[in-house]
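**Q** To start, I am sharing the structure in question, which I have written as structure tokens.
Chains as they are written, first to last, in UniProt numbering: chain A, 1 to 447; chain B, 1 to 447.
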């Protein structure tokens with residue numbers, strides 16, 4: 001026991017992360033448009049002292065809606081409804097740098113940080129789904145490298161906007177009639193390749209200064225971006241070795257940027273099937289996989305790899321010959337992960353589909369509560385994780401069993417808090433509150 | 001008594017609508033970033049059976065933040081936090097067609113309508129503040145007519161998106177594995193001058209079908225737009241005659257579009273100073289006006305008229321000679337309203353500032369509860385209003401006294417409900433739920 005404290009997020013997918021969760025009788029598919037369902041999940045995670053709930057997002061309809069509950073309520077609204085029903089837990093939501101305007105997103109996340117008294121996090125994505133472009137006036141999805149170039153400038157702009165009011169800009173002196181000290185409210189006057197934004201933001205600086213910056217890409221561009229900006233990284237790894245390589249690499253990159261690597265938390269995804277015996281856990285996993293539908297699974301595989309495999313025999317070997325190394329496609333990090341599974345396990349196409357059905361490439365663990373806790377501890381103690389994004393295969397039961405059975409073991413091993421020690425998401429994650437880049441003390445420190 | 005039922009919205013401005021409200025000891029300026037303040041106001045309005053709470057918005061910082069609390073939390077988040085703390089009252093929020101993308105706004109308002117079980121309304125604006133352009137990559141604010149041309153196409157697109165899932169598109173049949181009937185989910189394939197959007201939306205149709213369409217422009221372009229799209233209009237009038245002219249005109253225009261004019265509710269703004277005697281009410285109003293600051297008032301006047309009056313004598317006559325009739329400026333409806341006050345009342349510059357300090361051109365009434373109720377009844381009974389957007393000069397006291405003193409009189413006169421009869425904002429306003437334009441029954445009816 002090293003005294004290392006893990007961070008745990010509950011990653012809420014409407015009906016659960018397993019692609020067939022909606023067909024399982026224990027999922028509550030009829031509640032996925034009911035906000036109390038999400039509020040209750042967040043309250044449950046808060047009672048268990050999780051750091052945050054986490055939401056994915058994308059501005060287009062999944063192609064395979066016919067076969068699964070692949071839509072969701074919009075995250076800014078869902079997160080707001082959750083903070084209105086909770087006190088301490090953080091909320092991390094995905095928003096795209098490719099398909100939003102920085103001024104608009106800056107306002108909404110600032111407002112969420114105010115509303116929640118400092119519990120907002122932003123999962124920064126460039127949007128992977130190519131069909132999103134068609135909803136925003138474009139004929140084609142921008143290239144991976146161009147999306148990252150825009151993301152880089154986007155985060156620069158939005159950071160300036162969040163810093164544009166110094167913390168003490170509001171005076172509100174009724175007697176003199178001075179409401180704000182305008183010398184402490186700064187235009188950002190940004191002019192770059194993608195954005196031209198004058199600012200300032202039209203609201204005071206928020207409790208956390210800025211929402212927590214979370215990032216989820218593990219490609220080369222993604223790692224470079226994360227090393228500069230991310231305070232937490234959500235990342236997909238199938239093996240301890242892969243996670244260790246990523247952990248060491250991203251911490252080293254952050255250090256090379258002059259950052260304290262402890263200011264960047266690495267949180268792999270983990271999707272647990274938990275039962276009293278290892279065999280029962282396997283059977284539970286199998287029951288979900290039996291509910292999968294090839295039409296859906298192959299579309300999902302196509303989305304992860306860019307390859308259409310629908311004409312191949314599901315019970316034949318995975319047809320390696322059709323994998324090419326198209327540059328644009330292979331820049332996505334999930335593509336390499338799928339190739340690695342094929343190399344390592346030589347699966348049939350159906351087996352590969354089942355391998356990916358649980359959590360789209362994130363690690364699926366099956367076992368007893370002790371076995372799941374062992375995996376978590378192993379990754380945490382061997383330089384692979386500062387915590388985890390927990391991705392329940394189905395909801396709400398899949399998180400209930402984790403909280404009831406696994407969290408107490410982690411606590412007994414001294415790996416997870418029994419009470420919150422702070423009030424903001426930055427507090428929970430052990431991250432500093434950044435000073436405004438426009439504040440004189442900050443400028444002095446940087447000089 | 002005609003049995004006509006009025007609609008009442010509470011228009012929440014952070015510290016109240018009077019520009020000096022923040023300086024008054026009864027305003028709660030220290031709570032304007034505290035969400036419980038807004039939740040409590042909405043709960044109070046809900047207890048009084050108001051139709052909705054209403055929020056203004058604009059994506060830029062007011063130029064005169066030095067002298068007043070002219071910032072706000074972002075409306076989508078505030079509305080969501082309010083629906084999480086209420087059961088029945090509607091929420092109407094302003095969002096710009098000039099500075100947002102229809103796909104993004106469609107998602108957020110759809111989500112809000114789902115979360116609230118059908119209580120969302122959208123106040124459609126083209127954004128009047130010229131400095132907003134500089135936060136969105138533009139060198140200048142688009143012209144009034146171009147903003148309205150974009151708004152027209154925007155509403156067409158977003159309506160298609162909200163209609164893109166037929167009401168019964170979700171099947172969720174666990175046995176067969178069919179989640180959605182994709183024949184009932186429609187691409188919108190819009191391609192126009194301003195937007196190219198494929199769709200469909202990535203969420204099912206919301207409880208109200210579409211949020212209620214509210215509109216607040218009374219210019220020529222604004223009236224034409226409202227006649228086509230608006231289901232409620234928020235409008236500024238200083239006199240019964242002006243309000244009657246507007247009411248008759250907009251209803252006639254709606255009818256000319258083939259609409260039932262009862263499907264378009266006219267809701268003038270009213271900002272009441274209420275006291276036990278008429279004299280005390282005047283004194284209350286005076287106390288607020290004494291707290292105004294010329295620097296702020298003149299900037300406000302400049303914003304409404306486009307004219308800089310800061311070099312003129314505040315106690316001299318209003319300098320009519322400098323008003324020109326610049327076409328772009330005079331297309332805004334508030335410009336004409338200010339000119340009318342000058343024509344009618346021949347005020348000094350200071351008097352004009354005080355006339356506008358209460359509610360930026362909306363009607364300010366001072367009087368006893370009976371006198372305020374008389375004004376409301378007069379407008380309602382003489383073809384000037386279907387209801388009112390109540391704009392309390394300060395908060396929370398300014399709405400408290402209205403609810404305690406005026407609402408009971410309206411009830412005794414049979415003008416306002418004592419209980420909600422429906423659950424959605426459409427129910428409260430007496431508006432029909434629109435069918436999806438893609439639904440076969442709808443297509444048949446239209447044929």
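Cβ coordinates follow ideal geometry from the N, Cα and C atoms, glycine included.
I'd like to know if residue 436 of chain B contacts chain A, where contact means its C-beta is closer than 8 Å to some C-beta of that chain.
**A** It does not; no Cβ of chain A falls within 8 Å.
**Q** Looking at chain A, which residues of the stretch 90-114 of chain B have a Cβ within less than 8 Å of any of its Cβ atoms?
**A** Hits within the stretch, in order: 99, 100, 101, 103, 104, 107, 108, 110, 111, 112 and 114.
**Q** By the three-class DSSP mapping on this structure, what secondary structure does residue 13 of chain B have?
**A** Coil, per DSSP.
**Q** Would you kindly work out how many angstroms separate the C-alpha atoms of residue 237 of chain B and residue 35 of chain B, rounded to a whole number?
**A** Approximately 31 Å between the Cα atoms of the pair.
**Q** Kindly indicate which residue of B/340, B/353, B/282 and B/288 has the alpha-carbon position closest to the one of residue 316 of chain B.
**A** If we check each option's Cα against that of residue 316 of chain B, B/353 comes out closest.
**Q** Does the beta carbon of residue 272 of chain B come closer than 8 Å to any beta carbon on chain A?
**A** Cβ-Cβ to chain A under 8 Å: no for residue 272 of chain B.
**Q** Which residues of the stretch 115-138 of chain A have a Cβ closer than 7 Å to any Cβ of chain B? Give them in chain order.
**A** The residues in question are 115, 134, 135, 136 and 137.
**Q** Can you list the residues of chain B that residue 196 of chain A reaches, using a CB-CB cut of under 7 Å?
**A** Result: 137.
**Q** Could you tell me the alpha carbon to alpha carbon distance between residue 445 of chain B and residue 436 of chain B, rounded to whole angstroms?
**A** Low local confidence applies: a pLDDT of 49 at residue 445 of chain B is under 50, so the model's placement there is unreliable, with the coordinate-based value given in what follows. The alpha-carbon atoms of residue 445 of chain B and residue 436 of chain B are separated by roughly 12 Å.
**Q** Does chain A have any CB closer than 8 Å to the CB of residue 393 of chain B?
**A** For residue 393 of chain B, the answer is no, since every Cβ of chain A falls outside 8 Å of its Cβ.
**Q** Is there contact here, the stretch 281-297 of chain A with the stretch 17-28 of chain A, by at least three beta-carbon pairs under 8 Å?
**A** Touching, yes, given that three or more Cβ pairs across the two stretches are closer than 8 Å.
**Q** Short check: CB of residue 182 of chain B to CB of residue 32 of chain A, under 8 Å?
**A** No, they are not a contact pair.
**Q** Taking the Cβ atom as the reference point for each residue, do residue 184 of chain A and residue 417 of chain A lie within a distance shorter than 8 Å?
**A** Cβ distance not < 8 Å, so residue 184 of chain A and residue 417 of chain A don't count as in contact.
**Q** Are residue 212 of chain B and residue 124 of chain B closer than 8 Å when you measure CB to CB?
**A** Not a contact, by the Cβ cut-off of 8 Å.
**Q** Between B/366, B/164 and B/166, which has its C-alpha nearest residue 284 of chain B's C-alpha?
**A** The shortest C-alpha separation from residue 284 of chain B is found at B/366.
**Q** DSSP on residue 446 of chain B, reduced to helix/strand/coil?
**A** Because residue 446 of chain B carries a pLDDT of 46, less than 50, the predicted location of this residue cannot be relied on, and no value is offered for it.
**Q** Taking just the CA atoms, how far does residue 16 of chain B sit from residue 27 of chain B?
**A** Cα to Cα, residue 27 of chain B sits roughly 8 Å from residue 16 of chain B.
**Q** Please return the same chain residues whose Cβ sits closer than 8 Å to the Cβ of residue 51 of chain A, not counting the five positions on each side in sequence.
**A** The residues are 7, 8, 9, 89, 90, 387, 425, 428 and 429.
**Q** Might you give, ordered along the chain, the residues of its own chain that have their beta carbon closer than 6 Å to the beta carbon of residue 62 of chain A, omitting 5 neighbours on each side?
**A** The answer, listed in chain order, is 70.
**Q** On a Cα-Cα basis, can you pick out the residue from B/401, B/231 and B/244 that is closest to residue 275 of chain B?
**A** It is B/401.
**Q** Taking only beta-carbon positions, decide if residue 86 of chain B is within less than 8 Å of chain A.
**A** Chain A, which has no Cβ nearer than 8 Å to the Cβ of residue 86 of chain B, makes this no.
**Q** Name the chain A residues that come within less than 9 Å of residue 50 of chain B, Cβ to Cβ?
**A** The premise fails here: residue 50 of chain B is roughly 20 Å from chain A at the closest Cβ pair, so nothing lies under 9 Å.
**Q** Going along chain B, which residues have a C-beta under 7 Å from residue 60 of chain A?
**A** Those within 7 Å of residue 60 of chain A in chain B are 202.
**Q** Does any CB atom of chain B fall closer than 8 Å to the CB of residue 300 of chain A?
**A** Chain B contact via Cβ: absent.
**Q** Roughly how many angstroms lie between the CA atoms of residue 106 of chain A and residue 188 of chain A, to the nearest whole one?
**A** Looking at the two C-alpha atoms, the distance is approximately 13 Å.
**Q** Less than 8 Å between CB atoms is the rule here; does residue 397 of chain A satisfy it with respect to chain B?
**A** For residue 397 of chain A, the answer is no, since every Cβ of chain B falls outside 8 Å of its Cβ.
**Q** Helix, strand or coil for residue 95 of chain A per DSSP?
**A** In this structure, residue 95 of chain A counts as strand in the three-state DSSP scheme.
**Q** With distances taken from CA atoms, which of B/439, B/403, B/408 and B/4 is nearest residue 46 of chain B?
**A** Per the Cα distances, B/403.
**Q** Looking only at C-alpha atoms, which of A/357, A/407, A/384 and A/358 sits nearest to residue 372 of chain A?
**A** The shortest C-alpha separation from residue 372 of chain A is found at A/407.
**Q** What's the call for residue 440 of chain B, buried or exposed, on a 16-neighbour Cβ count within 10 Å?
**A** Residue 440 of chain B comes out exposed.
**Q** Could you name the residues of the stretch 271-292 of chain B whose beta carbon sits closer than 7 Å to any beta carbon of chain A, in the order they occur along the chain?
**A** Residues passing the 7 Å Cβ filter: none.
**Q** Does the beta-carbon of residue 447 of chain B have 16 or more other beta-carbons within 10 angstroms, so that it is buried, or is it exposed?
**A** With a pLDDT of 41 at residue 447 of chain B, under the threshold of 50, the modelled position of this residue cannot be trusted, and the question is left open.
**Q** Closer than 8 Å, CB to CB, is residue 69 of chain A near chain B or not?
**A** It does: the Cβ of residue 69 of chain A has a partner Cβ on chain B nearer than 8 Å.
**Q** Could you pull out every residue in the same chain whose Cβ sits closer than 8 Å to the Cβ of residue 377 of chain B, ignoring the five residues on either side in sequence?
**A** Within the same chain, residue 377 of chain B has close Cβ partners 410, 413 and 415.
**Q** In chain B, which residues lie less than 8 Å from residue 81 of chain A when you measure between Cβ atoms?
**A** 80, 81, 83, 84 and 115, listed in chain order.
**Q** In the DSSP assignment, the alpha helix (DSSP H) including residue 38 of chain A goes from what residue to what residue?
**A** Segment 35-47, the alpha helix (DSSP H) holding residue 38 of chain A.
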